[in-house]
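Step one of this worksheet: look at the structure below.
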Amino acid sequence: SAVISQKPSRDICQRGTSLTIQCQVDSQVTMMFWYRQQPGQSLTLIATANQGSEATYESGFVIDKFPISRPNLTFSTLTVSNMSPEDSSIYLCSVEEGGGRPYEQYFGPGTRLTVT
Amino acid sequence: AQSVAQPEDQVNVAEGNPLTVKCTYSVSGNPYLFWYVQYPNRGLQFLLKYITGDNLVKGSYGFEAEFNKSQTSFHLKKPSALVSDSALYFCAVRDKGDYKLSFGAGTTVTVRA
């Protein structure tokens with residue numbers, strides 16, 4: 001399966017600032033996803049990022065708050081803008097490889113964000 | 001709309017005993033079902049999936065799951081649990097033809113020595 005890395009692994013930020021999270025994959029993938037895992041809760045899909053098109057956001061998430069870039073088939077960024085303590089979560093990127101592993105999504109190690 | 005229910009927040013078993021983690025789902029069409037495991041301070045790891053075919057699917061680390069269409073369930077099982085199986089387990093579903101995964105709330109498994 002694809003190897004996925006995220007930077008930073010964790011960060012502590014002040015409210016009102018922004019943080020950009022990077023996701024790098026060791027192979028070319030069409031579909032990349034960004035999830036949020038709030039403390040003690042399950043995963044919620046933020047958006048789907050496909051190369052060459054704008055990201056598709058799920059209900060409750062907007063581009064102004066979570067802008068996403070997908071410049072090529074191996075890389076994506078998620079920015080958490082104008083942060084508040086409610087944004088404290090683990091942010092995970094995932095990819096769907098297709099090919100010999102259809103429908104399987106694989107996840108990066110996550111970025112643990114704390115907003116003070 | 002699609003959803004997943006994991007009725008148990010926690011499951012506690014003794015090492016060597018069978019382990020079962022329950023999952024029920026709701027989709028409008030045909031379900032694709034998945035189990036993931038999350039160890040502390042680590043990302044999610046894929047365990048197994050059901051897409052079509054045999055209702056009993058086998059996955060990583062000796063885990064298996066049984067798809068039951070009439071009961072809309074996809075319970076995760078392991079015949080003999082290990083202490084190292086202690087982790088947070090997530091069931092997930094997607095509708096055939098859709099890319100979106102919906103996750104259950106998660107079940108914390110504790111295996112005592």
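Line by line, the protein sequences give chains A and B.
Taking the numbering used here, the leading residue of the first sequence gets 1, the next gets one more, and so forth.
Taking the numbering used here, the leading residue of the second sequence gets 1, the next gets one more, and so forth.
Think of the CB as a built atom: it goes at the ideal place given N, C-alpha and C, for glycine as much as any other residue.
Just so you know, these numbers come straight off a predicted model, no measurement behind them.
Run through chain A and tell me which residues come within less than 7 Å of residue i, C-beta to C-beta.
{"i": "B/K49", "result": "Y103, E104"}
{"i": "B/G43", "result": "L92, F107, G108, P109, G110"}
{"i": "B/Y32", "result": "Y103"}
{"i": "B/F74", "result": "Under the 7 Å cutoff, chain A gives no residues; its nearest Cβ is about 14 Å from B/F74."}
{"i": "B/F63", "result": "Those within 7 Å of B/F63 in chain A number zero; the least Cβ separation is about 15 Å."}
Using the beta-carbon count (16 or more within 10 Å), is residue i buried or exposed?
{"i": "A/D64", "result": "exposed"}
{"i": "B/A87", "result": "buried"}
{"i": "A/T17", "result": "exposed"}
{"i": "B/L56", "result": "exposed"}
{"i": "B/S84", "result": "exposed"}
{"i": "B/S60", "result": "exposed"}
{"i": "A/I68", "result": "buried"}
{"i": "B/P31", "result": "buried"}
{"i": "A/I4", "result": "buried"}
Skipping 5 residues on each side, what residues in its chain have a beta carbon closer than 6 Å to that of residue i?
{"i": "A/K7", "result": "Q22"}
{"i": "B/Q71", "result": "none"}
{"i": "B/S26", "result": "S3"}
For residue i, which residues of its own chain have a beta-carbon under 8 Å away from its beta-carbon, when the five flanking residues on both sides are left out?
{"i": "A/S1", "result": "E97, R101, E104, Y106"}
Would you report the Cα separation of residue i and residue j, rounded to the nearest angstrom?
{"i": "B/A81", "j": "A/A47", "result": "36 Å"}
{"i": "A/T116", "j": "A/S81", "result": "14 Å"}
{"i": "B/T108", "j": "B/F46", "result": "16 Å"}
{"i": "A/L78", "j": "A/F66", "result": "6 Å"}
{"i": "B/L33", "j": "B/G97", "result": "13 Å"}
{"i": "A/F121", "j": "A/N50", "result": "Chain A is shown only over 1 to 116; residue 121 of chain A falls outside these bounds and no answer can be derived."}
{"i": "B/P40", "j": "B/L48", "result": "20 Å"}
{"i": "B/V21", "j": "B/F74", "result": "9 Å"}
{"i": "A/M83", "j": "A/L19", "result": "8 Å"}
{"i": "A/S76", "j": "A/R70", "result": "5 Å"}
{"i": "A/S53", "j": "B/V111", "result": "46 Å"}
{"i": "A/P109", "j": "A/L92", "result": "7 Å"}
{"i": "A/T114", "j": "B/C23", "result": "31 Å"}
Just to confirm, is the Cβ distance from residue i to residue j under 8 Å?
{"i": "B/A5", "j": "B/G104", "result": "yes"}
{"i": "B/A92", "j": "B/L101", "result": "yes"}
{"i": "B/G53", "j": "B/D95", "result": "no"}
{"i": "A/T111", "j": "A/R36", "result": "no"}
{"i": "A/S42", "j": "B/G106", "result": "yes"}
{"i": "B/Q10", "j": "B/F90", "result": "no"}
{"i": "A/S89", "j": "A/Q38", "result": "yes"}
{"i": "A/T74", "j": "A/V25", "result": "yes"}
Please compile the residues from chain A whose C-beta is within a distance smaller than 8 Å of the C-beta of residue i.
{"i": "B/A105", "result": "Q41, S42"}
{"i": "B/F90", "result": "S42, L43"}
Starting from the C-beta of residue i, find all residues in its chain whose C-beta is less than 7 Å away, skip the five residues before and the five after it, and write them out in chain order.
{"i": "B/P79", "result": "P18"}
Which residues in chain B have a C-beta closer than 8 Å to the C-beta of residue i? List them in chain order.
{"i": "A/M31", "result": "Y99"}
{"i": "A/E96", "result": "Y99"}
Which residues of chain B have a Cβ atom closer than 7 Å to the Cβ of residue i, listed in chain order?
{"i": "A/L78", "result": "Correct list: empty, because the minimum Cβ distance to chain B is about 15 Å."}
For residue i, go through chain B and note every residue whose CB falls closer than 9 Å to its CB, in chain order.
{"i": "A/T48", "result": "Y99, K100"}
Residue i touches chain A at which residues, Cβ-Cβ below 9 Å?
{"i": "B/F67", "result": "The contacting residues do not exist; B/F67 stays about 14 Å from chain A at best."}
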